[in-house]
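Report on the structure given below.
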Amino acid sequence: MRRRRFFAWGLGVAACAAGCGTERLIGGAPGLRSEFSINPAGRRWDRVGQAFASAARASGYQTGAGTRITLTGLPALAAAELNNGQTPLDTATPLSRLAGDVEVVVVPGNSRFKDFDEFGAHLLARPGETLLAGGPQGAPDHLLFGLIAKGLGADTRQVDYTGYPASQEVAAALLSGDVAAGAGLLADWRESIRKGRVRALAVSCAVRVPDLDVPTLLESGVRVDFADWTAAFGPDDMPDGSREAAIRMCEDVTGSTSWQAACRASGWISIPLSGDDFRRWLASEVARTRAVLRDLGLVDTTKATTCWGSCGNGH
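See below:
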């Protein structure tokens, strides 16, 4: 590995789901049903928090006070694993998976890799010579490349990945020839794809993005269905009645036309899953994340890791 830039999306985010830290309330208009306090765990989740609270109000819920609901996701889960922290399974009450950002694998417009098959063949044969880039080490982009390498049968520990703090820097590295391929949120790469500066090889979701003629990883022979997901959590000691009411609220909101419209407008995929089904899925996601970090050789190095950005602020 070359540039070692690790990240910490709000260490203690899981603890915040249990009720600690500064509370940030969204909304406050009176509604017809139960009251919920919708709280993004960091700035990364502000937009989805605003959209979720707006859809909740449209569904008849008050969102200015009441039962505390924290929105967080995969980056916080990965950061907890990297920094020997506790996951939301340990410190919060899983309620519902809400939405996800699609990731995309891109290469420069003039890349020798004409499609994912050519890229995958090179990564399989020479993982240490296929220079990759994306967000900070251990972030979802890095996890995705780890899953791709494992899915191809490549030696995951040889993957040469450079982490950058922003997609603009990944783009600069791609276009200068410093790296062969990059990964990131589709929303961040759409304009460069449209202009032909980069070429999309595959998207991470299970089905094709409607307005993008790009195959999925599953179509490309890699058994990976991946999204940078966001979910809702309640306090750790949440009473059964409050949990059931919060789950009903999440199901009402994610099934609403307001939420579906917000997802379409922001380019998110709606992936609702709630209650015990979500808890079981989350346990499998924790295990998958832990395994790929181990495969990449990152988990064993966390004690010597310094945080990227401002630790504990959700930046």
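Residue numbers (our numbering): 111 to 425. Beta carbons: idealized from backbone N, C-alpha and C, even for Gly.
- prompt: Which partner residues of ASP211 appear in the DSSP bridge assignment?
  reply: Here residue 211 corresponds to residue number 101 of the sequence shown, with the count starting at 1. Looking at the DSSP output, ASP211 bridges to ASP338 and TRP378.
field: chain C contact for ALA282 (CB, 8 Å cutoff)
entry: Here chain C cannot be found, since the structure has a single protein chain.
task: Quickly, what does DSSP pair GLU145 with across the bridge? List them, please.
output: Taking the sequence shown and counting its residues from 1, one reaches residue 145 at position 35. Answer by DSSP bridge pairing, in chain order: GLN172.
query: How is GLN196 classed by DSSP in three states: helix, strand or coil?
result: For the purposes of this step, residue 196 is identified with residue 86 of the sequence shown, where counting begins at 1. Three-state DSSP puts GLN196 in coil, outside helix and strand.
CA nearest to the CA of ASP279, picked from GLY245, LEU233, VAL215 and ARG207: Here residue 279 corresponds to residue number 169 of the sequence shown, with the count starting at 1. One detail in the question is off: residue 279 reads as Glu in this sequence, not Asp. Checked all of GLY245, LEU233, VAL215 and ARG207; the closest Cα to GLU279 is GLY245.
message: Using 8 Å for Cβ pairs, my map puts LEU311 next to ASP225. What's the rounded Cβ distance?
response: Indexing the sequence shown from 1 puts residue 311 at position 201. Indexing the sequence shown from 1 puts residue 225 at position 115. That pair is a contact at about 6 Å.
field: Near the ligand HEM: SER368 beta-carbon under 7 Å from a heavy atom
entry: This structure simply doesn't include the ligand HEM, nor any ligand for that matter.
Nearest-angstrom Cβ-Cβ length linking LEU181 and ALA342, presumed shorter than 8 Å: In the sequence shown, residue 181 corresponds to position 71, counting from 1. In the sequence shown, residue 342 corresponds to position 232, counting from 1. Contact holds; Cβ gap of about 6 Å.
- prompt: Do you know offhand how far LEU383's Cα is from LEU262's?
  reply: The residue given as residue 383 occupies position 273 in the sequence shown. The residue given as residue 262 occupies position 152 in the sequence shown. Their Cα atoms are separated by approximately 29 Å.
- request: Note down the Cα distance separating LEU406 from GLY174, rounded to an integer number of angstroms.
  value: The count along the sequence shown starts at 1 and reaches residue 406 at position 296. The count along the sequence shown starts at 1 and reaches residue 174 at position 64. Approximately 42 Å, taken between the alpha carbons.
message: Per DSSP, what are the beta-bridge partners of GLY292 in this structure?
response: On the sequence shown, position 182 is the one that residue 292 refers to. Bridge pairing for GLY292: VAL216 and ALA243 [DSSP].
- prompt: Among the residues of its own chain, which have a CB less than 6 Å from the CB of TRP299, if the five just before and after it don't count?
  reply: Your numbering for residue 299 matches position 189 in the sequence shown. Only VAL214 and VAL216 meet the Cβ criterion.
query: Using a Cβ-Cβ cut-off of 7 Å (strictly less than) and excluding sequence neighbours within five positions of THR326, which residues of its own chain qualify?
result: Residue mapping note: residue 326 aligns to position 216 of the sequence shown, counting from 1. Only ALA312, VAL313, CYS315, ALA316, VAL317 and ARG318 meet the Cβ criterion.
query: Hey, out of LEU257, ALA249 and SER144, whose CA is closest to ALA401's CA?
result: Position 291 of the sequence shown, counted from the first residue, corresponds to residue 401. Per the Cα distances, LEU257.
query: In chain order, what residues of the same chain lie with their CB nearer than 7 Å to the CB of LEU199, ignoring the 5 residues before and after it?
result: Here residue 199 is taken as the residue at index 89 of the sequence shown, counted from 1. Only LEU392, ALA393 and VAL396 meet the Cβ criterion.
task: Tell me whether the beta-carbon of THR272 lies closer than 8 Å to the beta-carbon of ALA243.
output: Along the sequence shown, read from residue 1 onward, the residue named residue 272 stands at position 162. Along the sequence shown, read from residue 1 onward, the residue named residue 243 stands at position 133. Yes.
task: For the beta strand (DSSP E) holding THR272, just list the boundary residues, first then last.
output: Taking the first residue of the sequence shown as 1, we reach residue 272 at position 162. 271-273 is the span of the beta strand (DSSP E), which, as asked, contains THR272.
- prompt: Is ARG304 helix, strand or coil by DSSP?
  reply: Along the sequence shown, read from residue 1 onward, the residue named residue 304 stands at position 194. It is helical.
message: Mapping the DSSP letters down to three states, classify GLY238 as helix, strand or coil.
response: The count along the sequence shown starts at 1 and reaches residue 238 at position 128. Looking at GLY238 - three-state DSSP - the assignment turns out to be helix.
Proximal residues to ALA355 (C-beta, below 6 Å), its chain only, five neighbours per side dropped: In the sequence shown, residue 355 corresponds to position 245, counting from 1. SER144.
query: From ILE179 to LEU254, what distance separates their C-alpha atoms?
result: Here residue 179 is taken as the residue at index 69 of the sequence shown, counted from 1. Here residue 254 is taken as the residue at index 144 of the sequence shown, counted from 1. Between ILE179 and LEU254, the C-alpha separation is close to 28 Å.
- request: Identify the continuous alpha helix (DSSP H) that holds PRO320 and give its terminal residues.
  value: Here residue 320 is taken as the residue at index 210 of the sequence shown, counted from 1. First-last for PRO320: undefined, no H or E at that position.
message: Is the separation between the beta-carbon of SER376 and that of ALA161 shorter than 8 Å?
response: Counting from one through the sequence shown, the residue named residue 376 turns up at place 266. Counting from one through the sequence shown, the residue named residue 161 turns up at place 51. Going by C-beta atoms, SER376 is nearer than 8 Å to ALA161.
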